[in-house]
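So the structure is just underneath, and the comments pick up after that.
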Amino acid sequence: MDQNRLTENDIEQMSYTDFIALLDETNRCPGGKKTIRRIRELIHIDDKTNILDVGSNTGFTSLELARVTPANISGIDISESCVNQAKKSLSEDIESVRSKVTFQVASSYSIPFPDDNFDLIMAGGATGFMDDKSKAIHEYLRVLKPWGFLVMSPLTYHTQPPQKIVDEVSEIIGTTIEPMTMKDWINTVGEVTKDFELYFNESHKLSPRISKEIDEYVDYFLKKDHVKILSETVKDAIKRRWMSILKVFNENHKYLGYSIIVFRKRPVAEEPELFIST
Ligand SMILES: C[S@@+](CC[C@H](N)C(=O)[O-])C[C@H]1O[C@@H](n2cnc3c(N)ncnc32)[C@H](O)[C@@H]1O
Numbered sequence: 015m016d017q018n019r020l021t022e023n024d025i026e027q028m029s030y031t032d033f034i035a036l037l038d039e040t041n042r043c044p045g046g047k048k049t050i051r052r053i054r055e056l057i058h059i060d061d062k063t064n065i066l067d068v069g070s071n072t073g074f075t076s077l078e079l080a081r082v083t084p085a086n087i088s089g090i091d092i093s094e095s096c097v098n099q100a101k102k103s104l105s106e107d108i109e110s111v112r113s114k115v116t117f118q119v120a121s122s123y124s125i126p127f128p129d130d131n132f133d134l135i136m137a138g139g140a141t142g143f144m145d146d147k148s149k150a151i152h153e154y155l156r157v158l159k160p161w162g163f164l165v166m167s168p169l170t171y172h173t174q175p176p177q178k179i180v181d182e183v184s185e186i187i188g189t190t191i192e193p194m195t196m197k198d199w200i201n202t203v204g205e206v207t208k209d210f211e212l213y214f215n216e217s218h219k220l221s222p223r224i225s226k227e228i229d230e231y232v233d234y235f236l237k238k239d240h241v242k243i244l245s246e247t248v249k250d251a252i253k254r255r256w257m258s259i260l261k262v263f264n265e266n267h268k269y270l271g272y273s274i275i276v277f278r279k280r281p282v283a284e285e286p287e288l289f290i291s292t
C-alpha cells in the first residue's frame, strides 16, 4: 500500500494485520524477553544445542535467543514478508548473533528438517494461529531428538472473560477467539500424542495499563518517522483506531495471561508418579 496516498477511510477499513504492519509494532512471543530468560533458566542450552523457532514472524524470539545463548537457531514462518523482515533485522545485528541464526519460509505442517534434529523447539504463541494443531504437533515430535524439549508460551485466560470482550477482540483481529486456559493447551498436546511428557508449566497474569500509559503508547507510534509525515486527518484516524483497539485489549487483559509450558519427547515408557507437588 502506498503510504503517501492513504486516506482516513483506508485506515478505518484495513485489516488488523495491515494496520499493525503499517504501525510496524514489534511482534513478540507472549511474555517477550521474560519468556526467553525463563527458558534459558529452565533448560540447559550450550553451543551444541539446535533450536527450531516455529512461526518466527519478524524474528524477535530467534534473535533474542541468539543474544542470550550460544545455541544454533533456525526460524521458520509461513509468511514470506515476515521472513524477509526477520532476515533484515538479522543482517543489522552483531556478528555473533548473525552467525548463529537462519530464517526460511516453511510450514509447521511440513518442517524442512530431518527426524530427530533439534534439542529444543520454541513454538511461542504460534501454534494458536494454526488451523491443524495436530499436524503441527506431530511434526514437532518428528524433528525433536529423543528427550528434546518443546516449549509453548501461548496467551491463556486465567479467568473466564465476558463473551462481550471475546466478541470485541475477535472482531478486531478478524478471527474467532476460543478462550483457552493453560490446562486446555496441555490437554490439546496430550490428546494428539502420548509421546510428549509434561515437563514444566507455569502461568503469568498480564497487567492492564492505566489510560495515561495507553495514551503514551499511542503517541509513541504517531511519532515514528514513517507515521509523523502522514496528513493530520490520517494521523487522527490512526490515533482513533489504535486507541480503540488498545482499550479493548486492555479490558481483555483483566482475564488474560500467558503460560510457559515445556514438554519433553519421551522415547521410552515410564511408570506414573503419584505423590507430586501441585
Ligand atoms: C503471533 S505470530 C508468533 C510470533 C512469535 N513467534 C510468538 O512466539 O508468539 C504467529 C506466526 O505464526 C505464523 N504461522 C501461522 N501458521 C503457520 C504455519 N502453519 N507454519 C509456520 N508458521 C505459521 C504466522 O505467519 C505468524 O508469523
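Under our numbering, the first residue of the sequence shown carries the number 15, and numbering increases by one thereafter. All residues carry an ideal CB built from backbone N, CA and C; glycine is no exception. Values in this document were obtained by computation on a predicted structure and should not be read as measured data.
Given 6 Å as the limit, tell me if S179 has its C-beta closer than that to any heavy atom belonging to ligand 1. First, the amino acid is wrong: residue 179 is Ile here, not Ser. The answer is no for I179.
Proximity to V183 [Cα-Cα], best of G89, I275, K261, N98: K261
In this structure, how does DSSP classify L77 when only helix, strand and coil are distinguished? helix
Rounded C-alpha distance that separates S258 from I228: Roughly 10 Å between the two C-alpha positions.
Using the three-state DSSP reduction, which class does G142 fall into: helix, strand or coil? helix
Could you give the distance in angstroms between the alpha-carbon of P193 and the alpha-carbon of V180? 8 Å
Shorter than 6 Å, the distance from the beta carbon of G138 to the closest heavy atom of ligand 3, or not? For the structure depicted, ligand 3 is absent and the ligand set comprises only ligand 1.
Count the other C-beta atoms from every protein chain shown that fall within 10 angstroms of the C-beta of K102, then say buried if there are 16 or more, exposed otherwise. exposed
Got a sec? Which residues, its chain only, sit under 6 Å from P281 by beta carbon, not counting five neighbours each side? P160
Of all the options R54, T189, D133, which has the alpha carbon lying nearest to the alpha carbon of K62? Nearest C-alpha to K62: D133.
List the residues that DSSP assigns as beta-bridge partners of M136. D67, V165
Just confirm the distance between the C-beta atoms of V82 and F163, as a whole number of angstroms; I'd bet it's less than 8 Å. At roughly 16 Å, the Cβ-Cβ gap does not stay under 8 Å, so V82 and F163 are not in contact.
Close Cβ partners of Y30 (< 7 Å) along its chain, the five nearest in sequence each way excluded: I186, I187, G188
Apply the 10 Å Cβ neighbour rule to K279 and answer buried if 16 or more other Cβ atoms are within range, or exposed otherwise. buried
If I'm right that I50 touches E78 with Cβ under 8 Å, what's the distance once you round it to whole angstroms? 5 Å
Check whether G89 and D67 have beta carbons under 7 Å apart: yes
Separation of L236 from P176, as counted between CA atoms: For P176 and L236, the distance between alpha carbons rounds to 31 Å.
Within 7 Å (strictly less), CB to CB, does S76 reach chain D? Of the protein chains in the structure, only one exists, and it is not chain D.
Rounded to whole angstroms, what's the CA-CA distance from N201 to D24? Just pull it up for me. 42 Å
For E143, tell me which candidate among I274, M196, Q27, T190 has the shortest Cα-Cα distance. Residue identity check: residue 143 is Phe in the sequence provided, not Glu. Nearest C-alpha to F143: T190.
K114 versus D239 - alpha carbon distance: 31 Å
Same chain, Cβ closer than 8 Å to V111, five either side skipped, listed in chain order: So the qualifying residues of the chain are L77, A80, R81, L104.
Which residues share a DSSP beta bridge with K279? Answer is F210, bridged to K279.
Threshold first: 3 residues or longer. Then list the beta strand (DSSP E) segments lying entirely within the segment 196–252, N to C. You should have 210–219.
Kindly examine ligand 1 and report whether one of its heavy atoms sits closer than 6 Å to the Cβ of F143. Between ligand 1 and the CB of F143, the shortest heavy atom gap is smaller than 6 Å.
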